[in-house]
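Working notes, structure below.
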Amino acid sequence: MPAVTVRNLPEETHRALKLRAAQHGRSTEAEIREILEDAVRPKTRVKIGSELAAFGQHFGGFDLDFARDQTPAEPAVFE
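The working numbering numbers the first residue of the sequence shown as 4 and each following residue consecutively.
This is the structure in structure tokens:
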């Protein structure tokens, strides 16, 4: 798993992180991971697949009744 080093973190910030971690019952490292996760992957983010499905359902959906082509695929030639 990747690791990140934060240099020149002010002492006040480090103390605040330690306090916040203690309040949440986590280690400082776990608290920092949680803060970063919330910052870059918010729980309210738009998930494109879900949005597209909801859009389709809103307009009555689509009837995609396609017959699958049962013809065997030709093998690849690498010459």
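In this text, a Cβ means the ideal position worked out from N, Cα and C, and glycines have one as well. Just so we're clear, the structure is a prediction, and the values are computed from it rather than from any experiment.
| said: Please state the DSSP three-state secondary structure of D66. | reply: As a working mapping, residue 66 is identified with position 63 in the sequence shown. DSSP places D66 in coil when its eight states are reduced to three.
| Can you tell which of A57, T8, T47 has the C-alpha that lies nearest to the C-alpha of E32? | Stepping through the sequence shown from its first residue, residue 32 is reached at position 29. Nearest option by C-alpha distance: T8.
| request: Inspect the beta-carbon positions of E34 and L20 and report whether they are closer than 8 Å. | output: Position 31 of the sequence shown holds residue 34. Position 17 of the sequence shown holds residue 20. Result yes, Cβ atoms of E34 and L20 sit closer than 8 Å.
| said: Quick check: what's the CA-CA separation for G64 versus S53? | reply: Mapped onto the sequence shown, residue 64 falls at position 61. Mapped onto the sequence shown, residue 53 falls at position 50. Those two C-alpha atoms are separated by around 13 Å.
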